[in-house]
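Numbering (this note's numbering), first residue to last: 2 to 252.
Every residue gets a Cβ at the ideal spot worked out from N, C-alpha and C, and that includes glycine.
Just so you know, these numbers come straight off a predicted model, no measurement behind them.
Heads up, the thing below is written out as structure tokens.
Here it is, written out as structure tokens:
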């Protein structure tokens, strides 16, 4: 009586088989799991409720239990009344009287929600892996572009450095100097050969407009300053010949 009370209030389906494999008891949970009321199942053979794919394993398990074995956590599909295959976990063991196996008891747990959750987790993992792979590919592509840009920039810098070296070499060979003057900031840049033309070691002084005008030969200074001022006011180029006085006094 106690067994029946427990069995009939359980969410899992509990059943008993006789030695021939016929169901002698089925708990009410059968209706919720596979759609059969207990009275529909009593007297039928257990093999009627398992999928064809699992039948050989079920028969083998039945034989083993009748020999005294106990089996737990079998993952089996039960055939529901509406034709569905219901994923279940089955635990079975022998019923003994005076040391002799006279039947089998079983507990069936509906694993539908569990399987659905597993499928959702697998799907989530697959989606996450897909996103990680896509992001990895994006980063790899961006890295390739970045490497190409870096290579291109390094090549441009190398080419520019070579041009500057070639210009310095050409200026040295032709004794031509170059300079630039930012009128707004006052910043001046002299090439190495420009220093040499003014009789100075490259980098020996801070280049400036004052350094340039201070080296002008007295007789040419006013003429050069007027030409420079006129060019600044007109925003035009100017070309003029003049003399300079080197630190050594050489003109």
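- Query: For residue 252, which three-state DSSP category applies?
  - Reply: What you label residue 252 is simply residue 251 of the chain shown in a count that begins at 1. Three-state DSSP puts residue 252 in coil, outside helix and strand.
- From residue 50 to residue 132, what does the alpha carbon distance come to, in whole angstroms? Against the chain shown, residue 50 aligns to sequence position 49. Against the chain shown, residue 132 aligns to sequence position 131. Between residue 50 and residue 132, the C-alpha separation is close to 42 Å.
- Alpha-carbon to alpha-carbon, residue 249 and residue 201: Numbered from its first residue, the chain shown carries residue 201 at position 200. Numbered from its first residue, the chain shown carries residue 249 at position 248. For residue 201 and residue 249, the distance between alpha carbons rounds to 10 Å.
- Do the segment 81–88 and the segment 58–69 make contact, defined as three or more Cβ pairs closer than 8 Å? Contact annotation: the segment 81–88 does not touch the segment 58–69, with fewer than three C-beta pairs closer than 8 Å.
- Query: So, is residue 8 buried or exposed, given that buried needs 16 or more other C-beta atoms within 10 angstroms?
  - Reply: The sequence position of residue 8 within the chain shown is 7, counting from 1. Residue 8 should be labelled buried.
- What's the gap between the Cα of residue 105 and the Cα of residue 26? In the chain shown, counting from the first residue as 1, residue 105 sits at position 104. In the chain shown, counting from the first residue as 1, residue 26 sits at position 25. Cα to Cα, residue 105 sits roughly 11 Å from residue 26.
- Task: Report, in whole angstroms, the separation of the C-beta atoms of residue 109 and residue 91, which I expect to be a contact under 8 Å.
- Result: Against the chain shown, residue 109 aligns to sequence position 108. Against the chain shown, residue 91 aligns to sequence position 90. Between residue 109 and residue 91 a beta carbon distance of about 5 Å is seen, short of the 8 Å cut, so the two are scored as contacting.
- So, using beta-carbon positions, are residue 268 and residue 189 closer together than 9 Å? Past the boundaries of the shown model lies residue 268; the chain is included only from 2 to 252, so the question cannot be answered.
- Message: The beta strand (DSSP E) that contains residue 14, what's its start and end?
- Response: The residue you call residue 14 lines up with position 13 of the chain shown. It spans 14–19 - the beta strand (DSSP E) in which residue 14 sits, taken as one unbroken run.
- Per DSSP, residue 95 forms a beta bridge with which residues? By 1-based counting over the chain shown, the position of residue 95 is 94. For residue 95, which the question treats as bridged, DSSP gives the partners 105.
- Length of the line joining the Cα atoms of residue 182 and residue 140: As a working note, residue 182 is residue 181 in the chain shown. As a working note, residue 140 is residue 139 in the chain shown. Approximately 45 Å between the Cα atoms of the pair.
- Query: beta strand (DSSP E) containing residue 26: first to last residue?
  - Reply: Working through the chain shown from its first residue, we reach residue 26 at position 25. Looking at the DSSP string, the run of the beta strand (DSSP E) that includes residue 26 is 24–27.
- With 16 other Cβ atoms within 10 Å as the buried cut-off, status of residue 111: Working through the chain shown from its first residue, we reach residue 111 at position 110. Residue environment: residue 111 is assigned as buried (16 or more neighbouring CB atoms within 10 Å of its CB, all protein chains considered).
- Query: When the cut-off is 9 Å and only beta carbons count, does residue 246 lie next to chain C?
  - Reply: The structure shown contains no chain C; it is built from a single protein chain.
- Query: If we count Cβ pairs, one from each stretch, closer than 8 Å, do we get three or more for the segment 74–82 versus the segment 24–38?
  - Reply: yes
- Can you name, in chain order, every residue of its own chain whose Cβ lies under 6 Å from the Cβ of residue 75, other than the five neighbours on each side? Position 74 of the chain shown holds residue 75. Closer than 6 Å at the Cβ level, and outside the excluded window around residue 75, lie 91.
- Task: List the endpoints of the continuous alpha helix (DSSP H) containing residue 31.
- Result: Residue 31 sits at position 30 when you count from the first residue of the chain shown. Looking at the DSSP string, the run of the alpha helix (DSSP H) that includes residue 31 is 30–35.
- Residue environment, residue 101, which counts as buried when at least 16 other CB atoms sit within 10 Å: Translated into positions along the chain shown, residue 101 becomes position 100. Exposed, by the Cβ-count rule.
- Message: Short of 6 Å in beta carbon distance, which residues of its chain neighbour residue 72, apart from the five on each side in sequence? Order them along the chain.
- Response: Mapped onto the chain shown, residue 72 falls at position 71. Closer than 6 Å at the Cβ level, and outside the excluded window around residue 72, lie 62 and 93.
- Item | For residue 226, the first and last residue of its enclosing beta strand (DSSP E) | Counted from its first residue, the chain shown places residue 226 at position 225. Element bounds for residue 226: not the beta strand (DSSP E) but the alpha helix (DSSP H), 219–235.
- Closest to residue 198 by CA distance: which of 130, 252 and 57 is it? Reading the chain shown from its first residue, position 197 is the one you call residue 198. Closest option to residue 198, Cα to Cα, is 252.
- Specify the secondary structure class of residue 89 as computed by DSSP and reduced to three states. Walking along the chain shown from the start, residue 89 turns up at place 88. Strand at residue 89.
- Message: Quick check: the Cα distance between residue 20 and residue 47, rounded to an integer number of angstroms?
- Response: Within the chain shown, the letter at position 19 stands for residue 20. Within the chain shown, the letter at position 46 stands for residue 47. Using only the alpha carbons, I get a separation of about 11 Å.
- Query: Helix, strand or coil for residue 10 per DSSP?
  - Reply: As a working note, residue 10 is residue 9 in the chain shown. Three-state result, residue 10: helix.
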